Structure formats: C-alpha cells, structure tokens
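Participant: Quick note, the sequence shown lines up with residues 39 to 343 if you use the working numbering. Once you've had a glance at the structure underneath, I'll fire off some questions.
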Amino acid sequence: MNKPSEFHPSRQKGLILLIAIDIVLAAAASWSFINLGSALVGPDFILYLLVMLSTFAPLPYFIYRTYALIQANYKISRDNLTIRWGLRYEDIPLSDIEWVRPATDLNIPLRLPWLSLPGALLGNCHHPDLGSVEFLASGTRNLLLVATARHIFAISPSDAAGFVRTFQRSIELGSLTPGEGRSVYPTFLIARAWQPPLTRALWISSILLNLALLIWVTLQTPSLQQVSLGYSPSGIPLNPVPAVQLILLPLISTFLSLISWIAGLYLYRDIKYRPLSFALWGTSTLTAIIFLGDVLFIISNSTAA
C-alpha cells in the first residue's frame, strides 16, 4: 500500500447550497451597484448602498467555502493521514493517532461550530468528554472522530466504513518512514506573506491609499452639486450626476484591491508564483493611485465649471 488512498467528503448538497448563496449574493451586489450609479440622493441611494455593502462583504467568505469543499480530501498512506480543506492542511503521522470512531458512539452529541452549513462544518467546538474538537467536514452524516494526544478532528468521508478499514490496514502494515506532523492554517499563510518588507509596504500603501480616497470623496461631496464621471467615446463629457455618486470610485478601488489581495495570497502558497503575488499587490496600489487621479480630475473639472 505505497499509494495513498484518497477519500472525499460528500459534496453534492453542500455545493448546491453554497453555489446558490454565491449567485444570490453576487447578483444582489451587482444589481445594487448598477442602481447606485443612477440613483438620486435620498432613501433609494442609501438603500442601494446598504444592500451592496451587506451582500458584497460576505461574498468572499462563501466563495472560499465553495472552493474549499471542491478540493477537500482525506488521504491515508502507511505513514500519515492528510486532511486538506481549502487553505487548512493537517498532516498527522499514523503513529500519533490514538483512535478513530464514529461520532454516533458519543453519549453526548457533538455541538456544531458556529455558522455551520451543509458543505461547511468548519471550526472548533467544546465537548464535555473530549474537550476541543475541530470540524473539517461537510455534514453530520458519516461523521468520524480522529483523536491524537493533542487534538481531535471531526471529518466526514463519504465512505466512512472504507476509511476506517483503510486506516486499520495501514496501522497493521506499519509505517515505512515515520515523520513529524504538520499543521497549516489560513492565518499562517497571511502571517508568512506579511514577513517580507515589500509585502508590508504594498499592503499598507494600498490600505492607506484606498482609505484616503474614501475620506477625500466623503469630505468633497457636500461642496459639490453634480459631477461628470467620464466621457463618451466621442470625447463628450457624460451627463452630470449627483456628486454623492463619487462614492462609487473608492468602492470600486477597494473591491479591485481586495480581489488582488486574495489572488496574491492564493499564489503565494507556491514559491515559484510569489513574484506574481507581489505583482498583483503592486497592481492594487497602482490602481488606488489611478483612482485618486481620477477623483482629482473630476473634482477639478466640476469646480472649474
């Protein structure tokens, strides 16, 4: 048994729900953003702004949950049990595992983590008998507990019986090359990416520039009545709109910076793609500078008019 045996969590129900949430949030955010661009100052503008912020803010969270479920797996070899769930990675030597048993064997049922959804049972909970239990599972069906001396994991391979048989067979065969365990958390990736001075400079400059853009627009808007946000293909200024719609520019800039930051973190995991990560983070800083220039140009033209 040299080749690891791979098991997957049940995905169908979770993917249907998570993709549906992604689509609804993205559609609502897009709809409110489009309407925000043509809304007049008043209750409608505030409503569209609130809808956009409340639907866009959780969208990266649910997109990440969808991605994590798609590539989640549990692998058993003669040496290790490897659990992968998104950016969460756990490599456990089989010799460290004390027992594997179904969660239904517990006298007191497990309490699910906060914000648990089908396809995304993730996080920690406390059990009176076991202590802290970390969930890396897609559902309560076929839920197995994997215990080490320091940690207990709740996992949900779709073929739970096959997983247990494979684990027992691996234990009987014995380890070929015992190794040390390894734990990787998403926060570790952020902390590791933060260490190079160039990363800190790019992240901080992007945050400060976008914050400055938002503050500047907020302070300038009350003194303006209307602004033109661009030009037609023939070079004629677009029809003026209420000045409050300038708020769209810092929102767009922040959105683009967030996308660049997330994509850069994803690429940063592999050392050969790290130059692309720095390029993306540099792009977010450059984008904020361009938007600052746009706002300066728009305000200057409006003031001159």
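No residue lacks a Cβ here, since even glycine has one placed at the ideal position from N, Cα and C. Predicted model only: the values in this text are computed from it and were never measured.
On a Cα-Cα basis, can you pick out the residue from 135, 335, 261 and 329 that is closest to residue 248?
Facilitator: Locating residue 248 in the sequence shown gives position 210, where the first residue counts as 1. Out of 135, 335, 261 and 329, 329 has the C-alpha closest to the C-alpha of residue 248.
Participant: Buried or exposed, going by whether 16 or more other CB atoms sit within 10 Å of the CB of residue 116?
Facilitator: On the sequence shown, position 78 is the one that residue 116 refers to. The residue in question, residue 116, is buried, as its Cβ has 16 or more Cβ neighbours within 10 Å.
Participant: Applying the criterion that 16 or more other CB atoms from any shown protein chain within 10 Å of the CB defines a buried residue, is residue 315 buried or exposed?
Facilitator: As a working mapping, residue 315 is identified with position 277 in the sequence shown. With 16 or more other Cβ atoms within 10 Å, it is buried.
Participant: Less than 9 Å between the C-beta atoms of residue 46 and residue 118, yes or no?
Facilitator: Taking the sequence shown and counting its residues from 1, the one referred to as residue 46 is at position 8. Taking the sequence shown and counting its residues from 1, the one referred to as residue 118 is at position 80. Taking 9 Å as the Cβ cut-off, residue 46 and residue 118 do not qualify as a contacting pair.
Participant: Starting from residue 231, trace the alpha helix (DSSP H) in both directions and tell me its first and last residue.
Facilitator: One-based indexing of the sequence shown puts residue 231 at position 193. For residue 231, the enclosing alpha helix (DSSP H) starts and ends at 224-232.
Participant: Could I get the ranges of all uninterrupted alpha helix (DSSP H) runs contained in the stretch 78-128, with 4 residues as the minimum, in chain order?
Facilitator: 81-94 and 97-109
Participant: Can you check whether the CB of residue 221 is closer than 9 Å to the CB of residue 129?
Facilitator: Here residue 129 refers to the residue found at position 91 of the sequence shown. Here residue 221 refers to the residue found at position 183 of the sequence shown. Contact flag set, yes.
Participant: How should residue 333 be labelled, buried or exposed, when 16 other C-beta atoms within 10 angstroms of its C-beta is the threshold for buried?
Facilitator: Residue 333 sits at position 295 when you count from the first residue of the sequence shown. It counts as buried.
Participant: Less than 8 Å between the CB atoms is what I'm expecting for residue 227 and residue 306, so what's the real figure, rounded?
Facilitator: Here residue 227 is taken as the residue at index 189 of the sequence shown, counted from 1. Here residue 306 is taken as the residue at index 268 of the sequence shown, counted from 1. Correct: roughly 7 Å between the Cβ atoms.
Participant: Is there contact here, the stretch 132-140 with the stretch 52-69, by at least three beta-carbon pairs under 8 Å?
Facilitator: Contact fails: fewer than three Cβ-Cβ distances are below 8 Å.
Participant: Taking the alpha-carbon of residue 196 as reference, which of 181, 210 and 189 has the nearest alpha-carbon?
Facilitator: Along the sequence shown, read from residue 1 onward, the residue named residue 196 stands at position 158. Among 181, 210 and 189, the Cα nearest to that of residue 196 belongs to 181.
Participant: Just how far apart, CA to CA, sit residue 233 and residue 287?
Facilitator: As a position in the sequence shown, residue 233 is number 195, starting the count at 1. As a position in the sequence shown, residue 287 is number 249, starting the count at 1. Approximately 31 Å, taken between the alpha carbons.
Participant: Can residue 192 and residue 171 be called in contact, C-beta distance under 9 Å?
Facilitator: Along the sequence shown, read from residue 1 onward, the residue named residue 192 stands at position 154. Along the sequence shown, read from residue 1 onward, the residue named residue 171 stands at position 133. A contact, by the Cβ cut-off of 9 Å.
Participant: Return the first residue and the last residue of the alpha helix (DSSP H) that residue 241 is part of.
Facilitator: Working through the sequence shown from its first residue, we reach residue 241 at position 203. 235-258 is the extent of the alpha helix (DSSP H) around residue 241.
Participant: Going by beta carbon distance, what residues of the same chain come within less than 8 Å of residue 101, once the five residues before and after it are set aside?
Facilitator: The residue given as residue 101 occupies position 63 in the sequence shown. 60.
Participant: Given that a residue counts as buried once 16 or more other Cβ atoms are within 10 Å of its Cβ, and exposed if not, what is residue 109?
Facilitator: As a position in the sequence shown, residue 109 is number 71, starting the count at 1. Exposed, by the Cβ-count rule.
Participant: Measure the Cβ-Cβ separation of residue 168 and residue 185 and say whether it is below 9 Å.
Facilitator: On the sequence shown, residue 168 is found 130 positions in, with the first residue counted as 1. On the sequence shown, residue 185 is found 147 positions in, with the first residue counted as 1. In contact: residue 168 and residue 185 (Cβ atoms closer than 9 Å).
Participant: Where DSSP assigns a beta bridge to residue 43, which residues make up the other side?
Facilitator: Translated into the one-based positions of the sequence shown, residue 43 becomes position 5. Answer is 114, bridged to residue 43.
Participant: So, at 6 Å on beta carbons, what are the nonlocal neighbours of residue 336 in its own chain, with the 5 sequence-adjacent residues on each side left out?
Facilitator: Within the sequence shown, residue 336 is the residue found at index 298, counting from 1. Closer than 6 Å at the Cβ level, and outside the excluded window around residue 336, lie 265.
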